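In the numbering used here, the protein residues as written are 682 to 1201.
Each remark here refers to the structure printed beneath this line.
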RNA sequence: GGCGGAGUAGCUCAGCUGGUUAGAGCGGCGGAAUCAUAAUCCGUAGGUCGGGGGUUCAAGUCCCUCCUCCGCUACCA
């Protein structure tokens, strides 16, 4: 087993069905997880749902059910989405689990033992109807000299007892963290925002609520449940067995990467490290705030009615096509835009035409002309060596480097360069012409391409796992070759000399024909 | 208001610490090929690098200013 690698997604708040944004994050995390496995790392990948809080409680009331039943039901949709999209999580956590309550209470007690929690009053403008506090600056005039909430509901000055966390005590240590470890928070633009936020001054953070009870109880403080972020963030530890520091899974801590959306960067880059410092737990190595997915350039929202169901997209375009599109088309870290046209175009151009067709033309040529027997190598020429060199640079250097830096779309560009090189090589070598003039050379060319196609499939497997596996299985590529380190090993000749024969292939990625209007 | 990003070929974007004729992919156009999913390959497209000013032998690449868009500016997750 290689060095451990722990990656997490944010846990989703399931007060609605999963949308494409959830799918995007899960897929991106899965690609990174699969890539690290391909690099030989011992990977632990966690995702899940954050089911506590007021909104779930309200939703449950609306639906005349219990919050727990609602949480179980809604979480199932998220789990199904992950399964449908080939998201290879090792642990799907739901914050209503007993283990999670224990972990949250343990970290609470650790913070309390460190003297960072104290009981005080939380005061503010409270709207009974909204069940929420508003800041002075958020209030709007009601036209009659009074103030109302942004929703137009009446507010009253309310005082509630609350536990507070001494966040202000961590300002300097947090700034030192960002300074000394710029990689802790990425992309850079996010770090800048957080640095300026922290520099502007931190106040103690209210970390408990008494107005509802759907959450983790504060130990020894009846009537208080934890403020959602204490509980939610702790999920990353729960999944490893915390507070049992001797749990075999604790070897995965500290996490290598918390992959989250840009909207919750502050909680992960300010509150979370402060909580951990307080509790005496090592900090995660990196928090990465990805961008949002826009529907044809517009923000998705229920009111506009442009929220897209990821399952429907997967059904329409294929799971691997969707995965590939999201990673290739969106510059990781920035917002991205998608549309049925864009997905179809990208999937057709890169997967169907360039890569799929490459595999199809070569494998069917072998099946047809050599009865499926893998061709022998009769000495490589400089042209073959040049192709192998191009592949090595693209697949064993550039792509891993880019993926390692979370420059996912750039990694895929490197992969495409290798695909292009293979197609150019096919046309230059023209095995169909060699068939008549130089059958031995034709065999070498086909063998070279066979190896190349396998390498391409291995390198891209984190992104299009099902298709890559199907292709590699069809080609008889041994399992131990299927890694970045293994793809360059000497596996071809033994396979060619065995009695393996390749059957007539079917196109890997059928071309997507878009219905006249739209497909999603 | 404050802080921080962004504005580069029709589209999506690369362009690090300033330096030969500003790049890629897609689309478009022309050609080649015919093994393959009408897929592939080759060539091409001449964009005031948001406007203006400045520094420099030399600026998308640094400085100033203006315009446009976006993000952050704590307790809804």
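By construction, the Cβ of each residue, glycine as well, lies at the ideal position given by its N, Cα and C atoms.
Treat the numbers as computed from the prediction; the structure is a model and nothing was measured.
Residue 924 has its alpha-carbon roughly 6 Å from the corresponding atom of residue 787. For the pair residue 1076 and residue 1099, the CB atoms are nearer than the 7 Å cut-off. Between the beta-carbon of residue 871 and that of residue 942 there is about 11 Å, and that puts the pair past the 8 Å contact cut.
Within the stretch 951–1033, the complete alpha helix (DSSP H) segments at least 4 residues long are 953–960, 991–998, 1000–1010 and 1021–1027, listed from N- to C-terminus. Assigned with DSSP and collapsed to three states, residue 702 falls in helix. Contact annotation: residue 859 and residue 840 have beta-carbon atoms that are not nearer than 7 Å. Its Cα nearest to that of residue 1192, the residue 997 stands out among 1121, 1117, 688 and 997. Between the stretch 706–718 and the stretch 1140–1148 there are three or more C-beta pairs closer than 8 Å, enough to call the two in contact.
Nearest to residue 896 by alpha-carbon distance, out of 886, 799, 908 and 992, is 908. One alpha carbon belongs to residue 692, the other to residue 730, and they sit about 4 Å apart. The shortest C-alpha to C-alpha distance from residue 993 to any of 699, 694, 1183 and 687 is the one to 699.
In this structure, residue 687 lies near residue 937, with their beta-carbon atoms less than 7 Å apart. Every beta strand (DSSP E) of 3 residues or more that sits fully in the stretch 711–757 is shown, in chain order, as 723–730. Residue 1182 and residue 1054 do touch by the CB rule: their CB atoms are close to 6 Å apart, below 8 Å. Here the alpha carbons of residue 999 and residue 930 stand approximately 34 Å from one another. Around the beta-carbon of residue 1060, fewer than 16 other beta-carbon atoms lie within 10 Å, marking it exposed. Residue 895 sits in coil when the DSSP states are folded into three classes, being neither helix nor strand. As computed with DSSP, residue 774 is found in a beta bridge with 729.
The C-beta separation of residue 1116 from residue 1038 comes to about 19 Å, leaving the pair out of contact by the 8 Å criterion. Within the same chain, and ignoring the five residues on either side of residue 1122 in sequence, the residues whose Cβ sits closer than 6 Å to its Cβ are 1115. Within the stretch 1066–1120, the complete alpha helix (DSSP H) runs of at least 4 residues fall at 1080–1085, 1089–1110 and 1112–1118. A buried status is given to residue 703, since no fewer than 16 other beta-carbon atoms sit within 10 Å of its beta-carbon. Excluding the 5 residues flanking it on each side, residue 854 has same chain C-beta neighbours closer than 7 Å at 958, in chain order.
Distance between residue 1035 and residue 1131, taken at the CA atoms: about 15 Å. One thing to note: residue 1136 has its Cβ within 7 Å of the Cβ of residue 1072. Segment contact: the stretch 836–850 against the stretch 881–899, three or more CB-CB distances shorter than 8 Å; contact assigned. Residue 1193 sits in coil when the DSSP states are folded into three classes, being neither helix nor strand. By the Cβ-count criterion, residue 1004 is buried, with 16 or more other Cβ atoms from all chains shown falling within 10 Å of its own Cβ. Within its own chain, the residues whose Cβ lies closer than 7 Å to the Cβ of residue 741, once the five positions on either side in sequence are excluded, are 747, 748 and 751, listed in chain order. Counting only residues of its own chain and dropping the five nearest sequence neighbours on each side, residue 1022 has a CB closer than 7 Å to the CB of 1195. In this structure residue 934 is in contact with residue 921, their Cβ atoms being roughly 6 Å apart against a cut-off of 8 Å. Considering only 797, 814 and 798, the residue with the shortest C-alpha distance to residue 804 is 814. Within the model, the alpha-carbon separation for residue 797 versus residue 857 is close to 19 Å. For residue 1171, same chain residues with a beta-carbon under 7 Å away, outside a window of 5 residues either side, do not exist.
Runs of the alpha helix (DSSP H) lying entirely within the stretch 1110–1188 and spanning at least 4 residues, in chain order: 1112–1118, 1120–1141, 1146–1156 and 1173–1178. Between residue 762 and residue 991, the beta carbon gap of about 6 Å places them in contact (Cβ cut-off 8 Å).
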